[in-house]
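Using the working numbering, you'd call the opening residue of the sequence shown number 149 and step up by one each time. C-beta: ideal position from N, C-alpha, C; glycine also. Everything numeric in this text was worked out from a predicted model, so none of it was measured.
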Amino acid sequence: MSHFGVFFSAIPKLFWSEYSDQPFQKCLSCEVPLVECDLHVIQKRIVANEAVMEMAVCNRCRDKQAEEMSEETRKNVTEHMMACFQKRAAELLPQTEGTHVIEVTEIEDPEEGNAMLERCLESCLMCGTAREKCHRYSLAGLCRDSEMVVQVTPVGQTPFLICETCEQGMAHLVSKKTRDAWDRFVEEHFDGPPGVELDSPSHYPMAF
Ligand SMILES: [Zn+2]
Ligand SMILES: [Zn+2]
């Protein structure tokens with residue numbers, strides 16, 4: 149069994165819209181049907197097993213969002229995530245000296261692929277706290293049409309979950325400019341009380 153690989157799975161229920169009780173259909177931002185987009189990203193924020201924020205955004209809108217992030221934030225968040233992926237990968241790599249050649253190939257066996265998907269979501273990417281012990285956490289995953297891209301490499305992982313504590317630990321990486329851009333996005337696309345949950349700087353959704 150390899151720890152690394154790519155697998156295309158049906159979108160797990162954890163990544164469905166709780167509001168509609170089915171997979172997300174449209175981009176939150178431009179409303180284009182997601183099946184017409186190359187890729188889309190799903191993000192959810194869970195508190196006590198309930199989504200307090202959920203969204204699917206097409207890759208084009210996602211790129212636009214990334215442009216609005218300050219250069220500084222993008223660099224900070226990318227570096228932080230990278231360090232985190234590498235730390236996790238280091239635990240999976242053979243404990244021998246020298247260079248390891250890791251092949252990241254497509255997993256054909258659904259059982260193996262689903263086991264990898266489960267491993268991605270069983271605990272916080274950063275601190276390893278089990279999901280059932282996290283009261284509040286965020287989920288993020290990359291999808292292609294009606295499939296979820298499950299990918300674990302030594303430098304990246306999708307999907308993933310991050311507990312609130314670890315997310316708060318990243319708040320200082322996010323600049324005021326980025327936070328303001330996010331607040332505007334939230335104002336435009338969400339209404340009502342969930343927004344209250346959202347405008348804290350620690351809740352800025354993580355970039356891939
Ligand atoms: Zn869009
Ligand atoms: Zn954590």
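Cβ neighbours of residue i in the same chain (closer than 7 Å, five flanking residues each side left out)
i              : result
glycine 261    : Phe155, Ser157, Ile255, Val298
isoleucine 250 : Phe152, Pro302
serine 323     : Ser218, Glu220, Thr221
leucine 321    : Thr221, Asn224, Val225, His228
threonine 277  : Ser271, Cys311
Residues sharing a beta bridge with residue i, DSSP
i                 : result
serine 271        : Ala278
methionine 296    : Ser157, Cys291
glutamine 191     : Met203, Ala288
phenylalanine 308 : Ala288
6 Å Cβ shell around residue i - same chain, five flanking residues per side excluded
i            : result
valine 195   : Arg284
arginine 292 : Leu187
Chain-order list of residues whose beta-carbon lies under 8 Å from that of residue i (same chain, five-residue window excluded)
i              : result
cysteine 232   : Leu273, Met274
glutamate 169  : The amino acid at residue 169 is misidentified as glutamate; the sequence shows aspartate. Around aspartate 169: no qualifying Cβ.
cysteine 185   : Cys175, Cys206, Asn207, Arg208
tryptophan 164 : Gln170, Pro171, Phe172
8 Å contact criterion, which residue i and residue j should meet: CB distance rounded
i              : j             : result
isoleucine 159 : glutamate 270 : Not quite, the Cβ-Cβ distance comes to about 18 Å (not below 8 Å), so this is no contact.
leucine 182    : glutamine 173 : 6 Å
Residues with C-beta closer than 5 Å to any heavy atom of ligand 1, in chain order: Listed along the chain, these residues meet the criterion: Cys175, Ser177, Cys178, Cys206, Cys209.
Segment contact flag, the stretch 175–185 with the stretch 215–224, C-beta cutoff 8 Å, min 3 pairs: These segments do not touch.
Touching by the beta-carbon criterion (3+ pairs, under 8 Å), the stretch 302–319 and the stretch 227–242: For the pair of segments examined, the stretch 302–319 was found to touch the stretch 227–242: the number of CB pairs separated by less than 8 Å reaches three.
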